[in-house]
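Undergrad: In the working numbering, each residue carries its 1-based index in the sequence shown increased by 3. Virtual Cβ for every residue (Gly too), placed ideally from N, Cα, C.
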Amino acid sequence: HGLHISGMGSSDNVLRHVSPGHCLDYSWDIPEDHPGGTYWYHPHGHGTSDYQVGRGAYGLLLVEDDKEDAPAWARNELWLQISVVFRRVVLANGKTYEALNVEPRKWYRLR
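1) Using the DSSP secondary-structure output, state which residues sit across from ARG112 in a beta bridge.
2) Is the separation between the beta-carbon of TRP82 and that of ARG114 shorter than 8 Å?
3) Would you mind reading off the limits of the alpha helix (DSSP H) that contains TYR54?
4) Buried or exposed for TYR100, please, with buried defined as at least 16 other CB atoms from any protein chain shown within 10 angstroms of its CB.
5) Over the uninterrupted beta strand (DSSP E) stretch that includes TRP43, give me the two end residues.
6) Spell out the partners DSSP gives GLY62 in its beta bridges.
7) Determine the closest residue to PHE89 out of ASP15, ILE8, HIS7 and TYR54, with distance taken between C-alpha atoms.
8) So the beta strand (DSSP E) VAL92 belongs to, where does it begin and stop?
9) Along the beta strand (DSSP E) that carries SER33, what are the first and last residues, could you check?
10) For ASP69, I'd like the list of residues in its chain whose CB is within less than 8 Å of its CB, leaving aside the five on either flank, ordered along the chain.
11) Can you have a look at TYR42 and say buried or exposed, based on whether 16 or more other CB atoms are within 10 angstroms of its CB?
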């Protein structure tokens with residue numbers, strides 16, 4: 004969500020369909036001037052998106068920003084993807100238990 008890209012062809016086309024047991028390749032053309040950030044992808048099948056995401060059909064995309072434009076503390080990056088699957092299980096980075104090592108009194112950029 005949030006990427007400023009084309010919705011045509013093999014990109015972010017919400018009308019593409021993947022049959023059960025088959026695969027489909029996606030190709031994203033991200034412009035050079037696209038804002039950096041953490042974005043996520045997931046299926047858009049009408050009436051099935053929640054079901055598929057709830058069973059793990061999603062992921063993160065990181066678009067790097069210009070490190071020189073970011074504050075110094077933002078260089079201390081940690082990945083943290085929190086999700087709920089099967090309507091009740093909370094996962095952090097795909098695990099039921101995830102420990103992140105952080106230093107006291109130090110700022111981190113969670114992505």
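TA: The structure says:
1) The residue given as residue 112 occupies position 109 in the sequence shown. Looking at the DSSP assignment, ARG112 forms a beta bridge with GLU80.
2) Stepping through the sequence shown from its first residue, residue 82 is reached at position 79. Stepping through the sequence shown from its first residue, residue 114 is reached at position 111. Yes, the pair counts as a contact, with Cβ atoms nearer than the cut-off.
3) Position 51 of the sequence shown, counted from the first residue, corresponds to residue 54. Segment 52-56, the alpha helix (DSSP H) holding TYR54.
4) Within the sequence shown, residue 100 is the residue found at index 97, counting from 1. Result: exposed.
5) Counting from one through the sequence shown, the residue named residue 43 turns up at place 40. Element bounds for TRP43: 40-44.
6) Here residue 62 is taken as the residue at index 59 of the sequence shown, counted from 1. Residue pairing by DSSP places GLY62 opposite TYR44 in a beta bridge.
7) Locating residue 89 in the sequence shown gives position 86, where the first residue counts as 1. Minimum Cα distance to PHE89 is reached at TYR54.
8) Walking along the sequence shown from the start, residue 92 turns up at place 89. Here the beta strand (DSSP E) through VAL92 covers 92-95.
9) Within the sequence shown, numbered from 1, the residue matching residue 33 stands at position 30. What sits at residue 33 in the sequence shown is Ile, not Ser. Element bounds for ILE33: n/a, residue is neither H nor E.
10) Taking the sequence shown and counting its residues from 1, one reaches residue 69 at position 66. So the list reads GLY39, once near-sequence residues are dropped.
11) The sequence position of residue 42 within the sequence shown is 39, counting from 1. With 16 or more other Cβ atoms within 10 Å, it is buried.
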